[in-house]
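Trainee: Here it is, the structure, as structure tokens.
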Amino acid sequence: TEKIVEKVVPAEVPFFQYLINHLRKSAHVIEYGVLGIEVFMIFVVGGKKPFPKSIFKNFQRIWNMITLPLFIAVTDESIQILSGRGPAIRDVLFDMSGALGGIFICTIVYFFFRRIRR
1 TEKIVEKVVP AEVPFFQYLI NHLRKSAHVI EYGVLGIEVF MIFVVGGKKP
51 FPKSIFKNFQ RIWNMITLPL FIAVTDESIQ ILSGRGPAIR DVLFDMSGAL
101 GGIFICTIVY FFFRRIRR
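For the sequence shown, full-length UniProt numbering assigns the number 1 to the initial residue and increments by one for each residue that follows.
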């Protein structure tokens with residue numbers, strides 16, 4: 001993507017490099033937000049038992065919803081070693097913030113619609 005962008009925007013312009021860097025980070029947060037939504041759908045909506053009223057009664061399901069995106073984010077950063085870039089914990093935190101945001105939004109929507117149905 002850098003070669004394509006450099007054809008349109010010269011690399012010497014620092015503002016555009018700053019903008020491109022933030023767009024990449026934002027894309028990762030959105031991408032992992034979608035992953036968080038998918039993980040929620042798998043572990044809650046796709047589960048055999050409905051999500052309990054008390055969120056603490058089903059600790060295993062919550063643990064899985066958090067650790068799966070974390071594992072994927074750490075794996076994604078580890079792969080960067082092979083391409084010559086260094087992995088960064090900050091990137092894992094950005095990724096996890098997106099995943100947790102997606103899970104959080106789905107949880108609110110799920111409990112809202114569950115309350116309306118009753």
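Using N, Cα and C, we set each Cβ at its ideal position, and we do this for glycine too.
Note that the structure is a prediction, hence the values are computed from the model and not measured.
Report buried or exposed for Y32, applying the criterion of at least 16 other Cβ atoms within 10 angstroms of its Cβ.
Mentor: Y32 is buried by the Cβ-count criterion.
Trainee: Of the residues C106, I20, V39, Y18, which one's Cα is nearest the Cα of T67?
Mentor: The residue with the shortest Cα to Cα distance from T67 is V39.
Trainee: For S78, which of helix, strand or coil comes out of DSSP?
Mentor: Helix at S78.
Trainee: Do you know how far the Cα of L19 is from the Cα of V109?
Mentor: Distance between the alpha carbons of V109 and L19 is about 32 angstroms.
Trainee: If I'm right that V29 touches F94 with Cβ under 8 angstroms, what's the distance once you round it to whole angstroms?
Mentor: About 6 angstroms separates the two Cβ atoms, so the contact holds.
Trainee: Quick one: residues in its chain with C-beta nearer than 6 angstroms to the C-beta of N64, no 5 flanking neighbours on either side, listed in chain order?
Mentor: Correct list, in chain order: F43.
Trainee: Based on Cα-Cα distance, which residue from F15, L82, M41, E77 lies nearest to G102?
Mentor: Ranking the options by Cα distance to G102, first place goes to M41.
Trainee: If you count every other CB in all the chains shown that lies within 10 Å of the CB of P69, and 16 or more means buried, which is it?
Mentor: P69 comes out buried.
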